[in-house]
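Scroll down for the structure; my scribbles are underneath it.
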Amino acid sequence: MNAITYPLRNLGNHRLRSALTAVGIGAAMASLLALVGLSRGVDSAVALSMQDRGTDIVAIKKGSVEILTTVLDERLAGQLRAQPGVTNVMSSMGDVVNLDTGQMAYVAAWSEEGGFWTTLPITQGKRPGPGDYASAVLGQTLAETLGKRPGDRIELEGQSFLVSGISKQASVIDDRSIILPLLSLQRLLGREGKVSGFHIRIDHPEKPARLAEMRDRLAAAFPELAFVEAGEMATHTALTNLLRAMAWASSTIALVMAFVIVLNTLLMAVTERTREIGLLSAIGWKPSRILATIVLEGVMVAAAGAVVGVAAGLLSLQLMIHHPAVGGFLQPDVTPVLLLQSVVLVLVVGALGGLYPAWRATHMRPMELLRGE
Amino acid sequence: MNATGDSERENRTEPAGVPAGRNAGVEPLICLAGVSRTYPRGHVQAMRNVSLEVHRQDYVAITGPSGSGKSTLLYLASGMDLPDSGSVLFEGAQPASPAAWTRLRSTRIGFVFQTFHLIGTLTALENVELPMMGVVHGEGSRKRRAAALMESVGLNARTRHRVADMSGGEAQRVAIARALANSPSVLFADEPTGNLDSHSTEQILSLLEDLREREKLALVMVTHDARIAQRAERRIHLRDGQIMAQEQAGEPA
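Chains A and B, in that order, give the protein sequences. Each residue of the first sequence is one higher than the last, beginning at 25 in this note's numbering. Each residue of the second sequence is one higher than the last, beginning at 1193 in this note's numbering.
Written as structure tokens, this is what we have:
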């Protein structure tokens, strides 16, 4: 018997209680993993979308809280294109529209200038031709979800569009979107001449200093615009910020619940074992050793909970992304670092949950404990 | 082995009012000087101005009716409870804190309880190993020492048995082996035969006396049984938390 096997034996003596505690902790950790993983997934999808477009800097309206609702004059594209160091500008507009099926879909509209349409990867059908404002391209996942093929029609806000092609996109957001020529969406939404933002390419974007320099120079030249580096775009989107805040808030609540579960379990265990703890003190166990044993029990039950949590979290994410209602719309981003962070967090919660019962047990005289007071 | 440390040595004091016995002039192992203890719950004055010395290899029986303070005396002498007034010295020094008493109990003081206080979910051997955790390094060394102690109390065939499945006499032997785990200088036994039949009582008493001789221990035993007390070299009679009489073997009370 040693410092590890003794607390393990204590947990093993109450298998059901220990198992239920581990399941409770596991549920908390699973929700943390799922929510944070999904929130990060959205961030990753935004970043991937930027990368696919070759965007270095995005120009949006200064002070806007949500890129989807920002409105800019599309003529600014020409002025931006004329700036030294700017190699390309694509005007874009995005919004969420209702489909005739009752579902909602993200619509991304792109200007004809800037080369978006020539680089859009088409897996079936073709791109809309110049001046074709009655056709749309569907992301592959959306097309599969809706059962649409090239030649089919799709109703957007009561207006019918021909599905001219299907595009396979790396970003889950793009792959589940409808892609229209800019003028089509402007007309559909009654926002002719307006855009949501500009995707800017610069020379030598691989140099971080150049990126920052260009951002600052553009900001000085266009005080009405905010210039955001593509990698930081997710943090400038109200929707993703809201998702992130919700994920962390829910995760914090889940962790507090896990803490209370561990606390309750170990308080019960310590109360039941008052005499045993008194005995350990009577035979010369230092308070620090007794404290470490009880805290270790908390950490061990939390470790078991972490195993349950990782398994349940990953499983629930898989179930979620394969669910027909959200299939393909969510792409969680669960990295080994996030897993490690979650496990460490849960272990800390386990240790903290054991600390108070341990402290209480070690601050009584052995005689009081032996008498079960 | 000396676990008291320098800080405790600095607290060396000369107790007043301790009756000098045949060991006058010899530093006692444990010395209680004017010790009083009142329990807050019910305001019970369990110990009133008690002074007492225990010397190396003493065999002391503490007798008295229920509620006379016998167990309280053992708890105070072993640092498991602290007095409201007076002092308790170990080898002439007053342990500076409850932690210092804990260190003493881990290496110098053994304790045997009436109700054994064994951990029922552990095997007999594991119960004996418990006090050695943090004192004896290496699981193998602890196991070997525990096995030797089990043999010394005549239970070498029962090491792997759970104590919950043992008889009272066997359980008390395990408790004695556990008390000896770190080779203490003094063994306190609180009614060690109180829950045993007469056959087991005789066996346990013989074992304790044997071990005292063999390990050169001081043995301080609480008992309410006058016949058991008669076996000790010194008998102390308590009533209402006070020493009413002290008697040396072969001397009248």
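Ideal placement from N, C-alpha and C gives every residue a C-beta, glycine not left out.
As a beta-bridge residue in DSSP terms, Gly163(A) pairs with Ser191(A). In this structure, Ala83(A) sits away from Gly333(A), with a CB-CB distance that is not shorter than 8 Å. DSSP places Asp1382(B) outside any alpha helix (DSSP H); the residue lies instead in the beta strand (DSSP E), whose first and last residues are Val1378 to Asp1382. Comparing C-alpha distances from Thr1313(B) to each of Val361(A), Arg297(A) and Leu393(A) shows the shortest one belongs to Arg297(A). Taking 7 Å as the upper bound on Cβ-Cβ separation, chain B lies near residues Arg389, Pro390 and Met391 of the region 373–393 of chain A.
In this structure, Ala1338(B) sits near Glu1321(B), with a CB-CB distance shorter than 8 Å. Residue state for Ala250(A) is assigned as strand, using DSSP reduced to three classes. The Cβ-Cβ distance between Ser1377(B) and Arg1248(B) falls below 8 Å. For chain B, the residues of the region 30–64 of chain A that bring a beta carbon within less than 9 Å of one of its beta carbons are Tyr30, Arg33, Asn34, Gly36 and Asn37, in chain order. Thr1307(B) and Arg1365(B) have their C-alpha atoms some 12 Å from each other.
Annotation for Val1366(B): no beta strand (DSSP E) segment contains it, though the alpha helix (DSSP H) segment containing it runs Gly1360 to Ala1371.
Per the coordinates, the alpha-carbon of Met1325(B) lies some 31 Å from the alpha-carbon of Glu1245(B).
Taking a cut-off of 8 Å on C-beta distances, the region 114–121 of chain A touches the region 129–140 of chain A, as three or more cross pairs fall below it. Taking C-beta separations shorter than 7 Å and ignoring five residues to either side along the sequence, the partners of Met324(A) in its chain run Pro31, Leu32 and Leu35, following chain order. Going by DSSP, Arg1406(B) is part of the alpha helix (DSSP H) stretching over Ser1390 to Glu1407. Within chain A, the C-beta atoms nearer than 9 Å to that of Leu1322(B) come from Met25, Tyr30, Leu303, Leu304, Ile307 and Trp309, in chain order. In the structure shown, Phe283(A) adopts helical secondary structure according to DSSP, grouped into three states. Look at Ala1291(B): its C-beta is under 8 Å from a C-beta on chain A. Where Ile84(A) is concerned, the enclosing beta strand (DSSP E) starts and stops at Ile81 to Lys85. In this structure, the alpha-carbon of Val121(A) lies about 27 Å from that of Val60(A).
If only complete runs of 4 or more residues are kept, the region 273–317 of chain A shows the alpha helix (DSSP H) at 298–306, in order along the chain. Counting C-beta pairs closer than 8 Å gives fewer than three between the region 132–151 of chain A and the region 227–234 of chain A, which falls short of the contact rule. Taking Leu1399(B) as reference, the option from Asp1276(B), Ser1344(B) and Val1328(B) with the minimal CA-CA separation is Ser1344(B).
Taking the Cα of Ile226(A) as reference, the smallest distance to any Cα among Ile345(A), Ser55(A) and Thr79(A) is reached at Thr79(A). 8 Å or more divides the Cβ of Ile224(A) from the Cβ of Ala160(A).
One Cα belongs to Phe1380(B), the other to Arg1240(B), and the distance between them is close to 20 Å. In this model, Ile81(A) and Gln127(A) are separated by some 32 Å (Cα to Cα). In the DSSP assignment, the residues bridged to Gly1302(B) are Leu1379(B). The Cβ of Glu296(A) sits no closer than 8 Å to any Cβ of chain B. Looking only at Gly1284(B), Leu1310(B), Ala1291(B) and Glu1394(B), the smallest Cα-Cα distance to Arg1354(B) is reached by Leu1310(B).
Per DSSP, Met53(A) lies in no beta strand (DSSP E) segment; the continuous alpha helix (DSSP H) that holds it begins and ends at Arg39 to Arg77.
The shortest C-alpha to C-alpha distance from Ala58(A) to any of Ser340(A), Val367(A), Val370(A) and Trp309(A) is the one to Ser340(A). Runs of the alpha helix (DSSP H) lying entirely within the region 1240–1319 of chain B, each at least 4 residues long, are 1262–1269 and 1290–1299 in chain order.
Counted as a single uninterrupted DSSP element, the alpha helix (DSSP H) harbouring Ala385(A) occupies residues Pro360 to Thr386. Taking CB atoms only, Glu168(A) has no neighbour in chain B less than 8 Å away.
Partner residues in the beta bridge of Ser115(A), as assigned by DSSP, are Phe222(A).
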